[in-house]
Amino acid sequence: MRLIIDIALTHIFGRGRQTIVAMLGVAVGVGFSIAMAALMQGGQDDFVRQLVDTMPHVQVTDEQRTARRQPAEDLFDATAISGLRPRDDRRGIINPTAALSWLDGWIPGRFAATLKAQGVIRYSGQEVGAAVIGIDPQAEPRVSPIIEDFKAGSFAALAAGGNNAVIGDTMAARLGAKLGDTITAVSSEGLSRRFKIVGLFHTGTTARDEGEAYVLQKNAQILSARPNAINEINIKLNDPNAAVTVARRIETELGYKAVAWQEANESILEALVVRNVIMYTVVAAIMLVAGFGIFNIISTITHEKARDIAIMKSLGFTEADMRILFVLEGVAIATAGTLLGWAFGFAMVYTLSLVRFEISATGQEMTRLPIAWSMLHYSIAAAFALGSAAVAGYLPARRAARANPVDIIRGAT
Amino acid sequence: MNTLIEATELTRILKETVPVTLVKDISLTIGEQQFVAVTGPSGSGKSSLLYLLGLLDRPTGGTLSIRGRDTARMDEDERAATRLANIGFVFQFHFLLPEFTARENVEIPMRKLGRLSRDEMCRRAGDLLAALGLADHLDKRPDQLSGGQRQRVAVARALANDPPLILADEPTGSLDSKNSEQVFKILETLVREQGKTVVAVTHDLDMASRMDRRLHLIDGSLITEADKSMISSEGETPES
Numbered sequence: 001m002r003l004i005i006d007i008a009l010t011h012i013f014g015r016g017r018q019t020i021v022a023m024l025g026v027a028v029g030v031g032f033s034i035a036m037a038a039l040m041q042g043g044q045d046d047f048v049r050q051l052v053d054t055m056p057h058v059q060v061t062d063e064q065r066t067a068r069r070q071p072a073e074d075l076f077d078a079t080a081i082s083g084l085r086p087r088d089d090r091r092g093i094i095n096p097t098a099a100l101s102w103l104d105g106w107i108p109g110r111f112a113a114t115l116k117a118q119g120v121i122r123y124s125g126q127e128v129g130a131a132v133i134g135i136d137p138q139a140e141p142r143v144s145p146i147i148e149d150f151k152a153g154s155f156a157a158l159a160a161g162g163n164n165a166v167i168g169d170t171m172a173a174r175l176g177a178k179l180g181d182t183i184t185a186v187s188s189e190g191l192s193r194r195f196k197i198v199g200l201f202h203t204g205t206t207a208r209d210e211g212e213a214y215v216l217q218k219n220a221q222i223l224s225a226r227p228n229a230i231n232e233i234n235i236k237l238n239d240p241n242a243a244v245t246v247a248r249r250i251e252t253e254l255g256y257k258a259v260a261w262q263e264a265n266e267s268i269l270e271a272l273v274v275r276n277v278i279m280y281t282v283v284a285a286i287m288l289v290a291g292f293g294i295f296n297i298i299s300t301i302t303h304e305k306a307r308d309i310a311i312m313k314s315l316g317f318t319e320a321d322m323r324i325l326f327v328l329e330g331v332a333i334a335t336a337g338t339l340l341g342w343a344f345g346f347a348m349v350y351t352l353s354l355v356r357f358e359i360s361a362t363g364q365e366m367t368r369l370p371i372a373w374s375m376l377h378y379s380i381a382a383a384f385a386l387g388s389a390a391v392a393g394y395l396p397a398r399r400a401a402r403a404n405p406v407d408i409i410r411g412a413t
Numbered sequence: 001m002n003t004l005i006e007a008t009e010l011t012r013i014l015k016e017t018v019p020v021t022l023v024k025d026i027s028l029t030i031g032e033q034q035f036v037a038v039t040g041p042s043g044s045g046k047s048s049l050l051y052l053l054g055l056l057d058r059p060t061g062g063t064l065s066i067r068g069r070d071t072a073r074m075d076e077d078e079r080a081a082t083r084l085a086n087i088g089f090v091f092q093f094h095f096l097l098p099e100f101t102a103r104e105n106v107e108i109p110m111r112k113l114g115r116l117s118r119d120e121m122c123r124r125a126g127d128l129l130a131a132l133g134l135a136d137h138l139d140k141r142p143d144q145l146s147g148g149q150r151q152r153v154a155v156a157r158a159l160a161n162d163p164p165l166i167l168a169d170e171p172t173g174s175l176d177s178k179n180s181e182q183v184f185k186i187l188e189t190l191v192r193e194q195g196k197t198v199v200a201v202t203h204d205l206d207m208a209s210r211m212d213r214r215l216h217l218i219d220g221s222l223i224t225e226a227d228k229s230m231i232s233s234e235g236e237t238p239e240s
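First to last, the protein sequences are chains E and P. Note that the first sequence ends on residue 413 in UniProt numbering; no numbers are left out. Note that the second sequence ends on residue 240 in UniProt numbering; no numbers are left out.
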């Protein structure tokens, strides 16, 4: 085997320029594959992270997914009921204290109950439609992403008591209000209440910054005329991936609709899968092109070395030796190209990670390109490169190995 | 004298649109320590016969045994192994591997066979080349050697694994008379002093006349087989 390796290396180094061109082809393919995978994966991770961070991992609401089991179904062996819908009864989660206590017993994470009511916020003749969310200032920071986005004040200011509210800075700007001003919240039931702005937040999500106002839970209950009611339980789990299992158990045992973040964003996650398929298809295409480069050089070498092949076979080398020789040459070029491509890819990814810019028009602010640093990208690119090189080397190698040495020797003389 | 090669009705037909007979019903026996010339006009099947005897080509008819072993039963790997250990080729052109030095070219068959250590291979390659007058050219590549020197390196390579049989296809065909004589004497020495069997295709009738036997082919058939005593001074057999 050492002999075959020596001959392979001699062939490769004997064709310096062609070898370098083929190697650069592989390196560029590997490098760009890594950079593209890092960008795509980084974008996806960033997107999923935002999904996971900015919304509850499981959200329990006072809705019911399916209609309750009907008494007739228990009474008769065969029952056909059609057109049945869940009752539109939005009185909130019944017996919330027991429900919260039950969750407290087993949830691997933390949770907070809220009462969300639709209403209008008024100030100085301006009106903005908003969700008035009644929270527990002690519990909410444990699940809310807003906690890190306060520009002024905090949820703790609500705990001081009185009629205080925390609103988004965009809503404040639209209303023309500022910290310390008093706004009026009007519920869909027609009740109104005045709140002093004690906190302003900016999450970067327009819907939230412009459309949410946080007040004490008790105030929200008064405003919506639903004493002691809650209609949402937001849960943050220690392991976000356990959300589906947790949601399923809550729904089974509590009876209320529990939506995991994966379910809430199913179409987005499906789109990400499609995006990944596209990404790896493009990576494969890039490596295929690099593979053609290797095919080309190995074909050229086998063509030019036809006489040497014949001589080596006349000396006692087997067809398998010849196949191994040229596959080895392809793989050696690809290995060198891959190592160079790794360095090139790393440099590109590092450079991309330094790029900074801002997009505020979309509602999300980005200050840098999201990059994923993963050994998997390097491994996949290398596997594609070496695999395509092995195939690219094998095809001409097989043809060369099968050649009859007599034909070549006769042709040469 | 032990039999090295035994061929019976050896035939090679190229299966083209119109079949071409390269070698036809040749039966012969070649023993050890023989210096055999294969002569005949161009296209008479001399080289084809040599390639069959050297297991580079497969006969389409007849049988061929080397050292009593029927080659028809050998697969490609066995044929390659037999070539490696038992047969040395010298072609009209040197066919050295151009990227390797003279010593490396000679070492390649030894490394493939793997019987010797690296030091022993290196020493043996050096000795072989020195014996052929190339002691000062061990580390030169083929393009740095003259035609005669290259051919002598090719002879050294053929001898690398100490094979009992050397097959030479017009080994002096591309050389001037001085180098031709030198190569011929090397081949003769192999037979006389080292006990090798050399079968050489040649157009040079004078050279053929100096060999032990002469196989004369016409249109793929063996027309005459003459030993040295039967070859006339003009180099032609009495029958031809």
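By construction, the Cβ of each residue, glycine as well, lies at the ideal position given by its N, Cα and C atoms. Note that this is a predicted model, so its numbers are computed, not measured.
Check this for me: beta carbons of residue i and residue j, under 8 Å apart or not?
| i | j | result |
| --- | --- | --- |
| V120(E) | V166(E) | no |
| G179(E) | L216(E) | For the record, residue 179(E) in the displayed sequence is Leu; it is not Gly. No; because the gap between Cβ atoms is not below 8 Å, this pair is not in contact. |
| V58(E) | V246(E) | yes |
| K196(E) | T184(E) | no |
| L103(E) | N231(E) | no |
| V128(E) | R65(E) | no |
So which residues on chain E does residue i lean against when the C-beta distance must stay under 7 Å?
| i | result |
| --- | --- |
| P109(P) | L315 and G316 |
Leaving out five residues before and five after residue i in sequence, what residues of the same chain have Cβ atoms less than 8 Å from its Cβ?
| i | result |
| --- | --- |
| S44(P) | L217, I218, D219 and G220 |
| I408(E) | A306, R307, I309 and A310 |
| R150(P) | H94, L96 and P142 |
List, in chain order, every chain P residue whose beta-carbon is nearer than 7 Å to that of residue i.
| i | result |
| --- | --- |
| V406(E) | Y51, L56 and D57 |
| R307(E) | F95 |
| I409(E) | F91 |
| T351(E) | Under the 7 Å cutoff, chain P gives no residues; its nearest Cβ is about 40 Å from T351(E). |
| E319(E) | E76 |
Which first and last residues belong to the beta strand (DSSP E) in which residue i is found?
| i | result |
| --- | --- |
| R2(E) | Where R2(E) is concerned, there is no enclosing beta strand (DSSP E), although the alpha helix (DSSP H) it sits in stretches over R2 to F13. |
| G109(E) | G109 to Y123 |
| R214(P) | R213 to I218 |
| A173(E) | Note, A173(E): premise wrong, no beta strand (DSSP E); alpha helix (DSSP H) at D169 to L175. |
| L200(E) | S192 to F201 |
Kindly indicate the opening and closing residues of the alpha helix (DSSP H) around residue i.
| i | result |
| --- | --- |
| Y394(E) | M375 to R402 |
| V52(E) | G16 to T54 |
| E212(E) | Per DSSP, E212(E) belongs to no alpha helix (DSSP H); it is in the beta strand (DSSP E), E212 to L216. |
| F184(P) | S177 to Q194 |
| E232(E) | Counting along the chain, E232(E) falls outside any alpha helix (DSSP H), though it belongs to the beta strand (DSSP E) covering E232 to L237. |
| T97(E) | P96 to W106 |
| G133(P) | No alpha helix (DSSP H) contains G133(P), which DSSP labels as neither H nor E. |
Tell me whether residue i sits in a helix, a strand or coil according to DSSP, three-state version.
| i | result |
| --- | --- |
| L64(P) | strand |
| I223(P) | strand |
| E170(P) | coil |
| F344(E) | helix |
| E99(P) | coil |
| residue 291(P) | Any property of residue 291(P) remains undetermined from this structure, which presents chain P solely from 1 to 240. |
| E32(P) | coil |
| G316(E) | coil |
| D308(E) | helix |
| S187(E) | strand |
| A207(E) | helix |
| K112(P) | helix |
| K257(E) | coil |
| E16(P) | coil |
| I133(E) | strand |
| I231(P) | Unreliable placement is indicated for I231(P), whose pLDDT of 49 sits below 50; the coordinate value is still reported in the next sentence. Three-state result, I231(P): coil. |
| A160(E) | coil |
Taking 6 Å as the limit between beta carbons, can you name the residues of its chain near residue i, skipping five residues before and five after?
| i | result |
| --- | --- |
| I233(E) | V60, F111 and A113 |
| L116(P) | M110 |
| K15(P) | none |
| N265(E) | L51 |
Under 8 Å Cβ-Cβ, which residues of chain P neighbour residue i?
| i | result |
| --- | --- |
| L3(E) | I108, R111 and K112 |
Under 7 Å Cβ to Cβ from residue i, same chain only, skipping five residues before and after it: list those, please.
| i | result |
| --- | --- |
| K140(P) | T101 and A102 |
| N105(P) | L96, L97, V153 and R157 |
| M121(P) | E107, M110 and R111 |
| residue 499(E) | Residue 499(E) is absent from the structure shown; chain E starts at 1 and stops at 413. |
| E319(E) | A401 and R402 |
Strictly below 8 Å CB to CB, what residues from chain E border residue i?
| i | result |
| --- | --- |
| E6(P) | Result: empty, since nearest Cβ-Cβ is about 22 Å, beyond 8 Å. |
| E120(P) | Result: empty, since nearest Cβ-Cβ is about 15 Å, beyond 8 Å. |
At a CB-CB cut-off below 9 Å, which residues of chain P make contact with residue i?
| i | result |
| --- | --- |
| G14(E) | P98 and E99 |
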